[in-house]
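Number of protein chains: 2
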Amino acid sequence: MNGEENKIYNVLIADDHQMFVDGLKALLRKEKNIQIAGEVSNGADALQAIIKKQPDLLITDISMPGLSGVELTREVKSRYPEVKILVLSMYNDREIVSEILMSEAEGYILKNTGRQELSNAISRILGNSTYYSNEVLNIMMTRIKRQKKAEKNTSLLTARETEIIKLIMEEYSSEEIAEKLFISKRTVDTHRKNIIQKTNTRTLVGLLKFAIENNLAEINQ
Amino acid sequence: MNGEENKIYNVLIADDHQMFVDGLKALLRKEKNIQIAGEVSNGADALQAIIKKQPDLLITDISMPGLSGVELTREVKSRYPEVKILVLSMYNDREIVSEILMSEAEGYILKNTGRQELSNAISRILGNSTYYSNEVLNIMMTRIKRQKKAEKNTSLLTARETEIIKLIMEEYSSEEIAEKLFISKRTVDTHRKNIIQKTNTRTLVGLLKFAIENNLAEINQ
DNA sequence: GACCGAATACCTAAAAATCTGTATATTCTA
DNA sequence: TAGAATATACAGATTTTTAGGTATTCGGTC
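Top line first, the protein sequences correspond to chains R and U.
Throughout, the numbering used here is defined as the position within the first sequence, counted from one, plus 624.
Throughout, the numbering used here is defined as the position within the second sequence, counted from one, plus 624.
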């Protein structure tokens, strides 16, 4: 590892699934420079262990009894920012990936990661870098791309037009929109005309699809 | 276990993630009546090992190089139906759960399962029953409920009405629908009137939302 | 054979949206 | 300060949908 090749790094494991912990420990024992400082199965115990052992690195699952890994990460970063955190989780859904990224963990990999990648992640993180697995990076990229596309599409629209669209999607007629916004119905009609042109749609159905695809309306599904 | 308390069951493990395999083996070694017959890291090797060792139970991951767990399950069930199969996977998304259920595996649990539940699952399966974890069952129930609701909603509609809705969602006007279906525009108008009444919507926007929510139309998202 | 639902088609009328255009005021930016 | 964009509003006309109704035919079921 960078810079301090004889340093022994203490690693705390937080995970309530013994199968993972056993497998993880077996892997970590093969690493030079790594010492397992402890293992806990919930967030509260993790905090206690951090106070006591002051590990260099916390490897934590997300779903644990009581304090989740997300909450634990936030707490640790606010109280012991020098402790590095690698999230090792089963979940790859977008909500959770986002929350973890917001929580300033230094890494996030999935539990199907091989040993080599895990080892690499730990090295990177202990060497003051970050490590996110490809799946996680892909989720991030997809999300960013999608957001950019929606922003590009909706940036063609003025604030008023966006507002009109949202009210259309809430099933207001043009007259009702006029009343609600204290403007003339003729104004609403002009806005509608402009919206249809700008969004390259040609019917109300097309506009509805545009709105949903660009997060201007929600559908329960 | 039921009936044959002194019988030793041979278990084959198929998983390409060493961390899991180590953890799983550690757990299985604590079980009476269980002997680890082997471990492989891909589907093809699993088939070879089944021929050679004839295990009672195969515990398999889903995502493996080459033959996936789904394909492996199908193959094993078609050639060696007496071999029981427990899928132990990270993925809980609906598509994969469905495929596994169709493939006649005797069980499906997630890799975050605790030891007790894993032990219970194995016992149940070796005792000629099935075992699916709660998360998997919840996915099944949610899917069934959702499908039933959509069926209930759309069962109010006749085939022609459903067809009209789909064409509306493809942005055909009533006149265009009439031309396409070789019927009068008046007929289309009557269908639309009836559709609005039956779906308890009051606007075209409302109808479109109904259609999307009940899988009569798709939105890219 | 009777009955019912689906599909079809039509009627008159009203409401709403859309189309193509012109115009003015306000706000923002260079 | 000028210019551009946005927001507003209006005009007349056309198109489309919606509303509330009646009617006939066909196929399926009892």
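Don't be surprised by glycine CBs; every beta carbon is placed ideally from N, CA and C.
Top-ranked residue by Cα proximity to residue i, from the options
i: residue 639/U; options: 707/U, 822/U, 746/U and 690/U; result: 690/U
i: residue 645/R; options: 784/R, 798/R, 693/R and 712/R; result: 712/R
i: residue 680/U; options: 844/U, 703/U, 797/U and 750/U; result: 750/U
i: residue 793/R; options: 837/R, 672/R and 772/R; result: 837/R
i: residue 779/R; options: 799/R, 816/R, 823/R and 795/R; result: 823/R
i: residue 722/R; options: 705/R, 702/R and 766/R; result: 766/R
i: residue 731/R; options: 697/R, 717/R and 718/R; result: 697/R
i: residue 715/R; options: 685/R, 729/R and 741/R; result: 685/R
i: residue 821/U; options: 782/U, 666/U, 668/U and 718/U; result: 782/U
i: residue 788/R; options: 811/R, 774/R, 777/R and 776/R; result: 811/R
i: residue 678/U; options: 660/U, 795/U, 733/U and 828/U; result: 660/U
i: residue 775/U; options: 803/U, 840/U, 764/U and 818/U; result: 840/U
i: residue 720/R; options: 693/R, 752/R, 814/R and 806/R; result: 693/R
i: residue 652/R; options: 803/R, 797/R and 683/R; result: 683/R
i: residue 785/R; options: 745/R, 814/R and 724/R; result: 814/R
i: residue 795/R; options: 805/U, 825/U, 819/U and 800/U; result: 825/U
i: residue 710/U; options: 746/U, 699/U and 695/U; result: 746/U
i: residue 666/R; options: 648/R, 649/R, 687/R and 797/R; result: 687/R
i: residue 657/R; options: 649/R, 634/R and 842/R; result: 634/R
i: residue 777/U; options: 804/U, 699/U, 835/U and 844/U; result: 835/U
i: residue 729/U; options: 763/U, 699/U, 741/U and 844/U; result: 699/U
i: residue 764/R; options: 649/R, 733/R and 791/R; result: 733/R
i: residue 809/R; options: 819/R, 798/R and 725/R; result: 798/R
Burial state of residue i (16 or more Cβ within 10 Å)
i: residue 738/R; result: exposed
i: residue 663/U; result: buried
i: residue 626/U; result: With a pLDDT of only 47 at residue 626/U, under 50, the local geometry of the prediction cannot be trusted, and no value is derived from it.
i: residue 632/U; result: exposed
i: residue 761/R; result: exposed
i: residue 727/R; result: buried
i: residue 768/U; result: exposed
i: residue 833/U; result: buried
i: residue 654/U; result: exposed
i: residue 708/R; result: buried
i: residue 717/U; result: exposed
i: residue 669/R; result: buried
i: residue 630/U; result: exposed
Identity of the residues DSSP links to residue i by a beta bridge
i: residue 663/R; result: 637/R
i: residue 750/U; result: Answer is none; residue 750/U lacks a bridge partner.
i: residue 684/U; result: 638/U and 711/U
i: residue 658/R; result: 633/R
i: residue 734/U; result: 713/U
i: residue 755/U; result: 731/U
Residue i: CB within 7 Å of a non-hydrogen atom of the ligand GTP
i: residue 650/R; result: As for the ligand GTP, it is missing from this structure, which has no ligand bound.
Practice problem: Mind checking the region 629–663 of chain U against chain R and listing, in chain order, the residues whose C-beta falls within less than 9 Å of any C-beta there? | Solution: 640, 641, 642, 643, 644, 645, 646, 647, 648, 649, 650 and 651
Practice problem: Identify each residue in the region 810–844 of chain U for which the Cβ-Cβ distance to at least one residue of chain R is less than 8 Å, and report them in chain order. | Solution: 826, 827, 828, 829, 830, 832, 833, 836, 837, 843 and 844
Practice problem: Return the residues of the region 734–750 of chain U that lie within a Cβ-Cβ distance of less than 9 Å from chain R, sorted by chain order. | Solution: 734, 735, 736, 737, 738, 739 and 742
Self-check item: Cβ-based contacts, 7 Å cut-off: residues of the region 693–716 of chain R near chain U
Solution: 714
Exercise. Could you run through the region 780–795 of chain U and flag, in chain order, every residue whose CB is less than 7 Å away from some CB of chain R?
Key: Only those residues of the region 780–795 of chain U whose C-beta falls short of 7 Å from the nearest C-beta of chain R are listed: 792, 793 and 795.
Quiz item: Name the residues in the region 673–692 of chain U whose C-beta lies less than 9 Å from a C-beta of chain R; which are they?
Solution: 685 and 687
Practice problem: Evaluate contact between the region 642–660 of chain U and the region 644–663 of chain R, counting only Cβ atoms and requiring at least three cross-stretch pairs below 8 Å. | Solution: yes
Quiz item: Is it a yes or a no for the region 728–738 of chain U touching the region 747–767 of chain U, going by three-plus beta-carbon pairs under 8 Å?
Solution: yes
Quiz item: Is the number of C-beta pairs between the region 691–710 of chain R and the region 663–679 of chain R that are closer than 8 Å three or more?
Solution: yes
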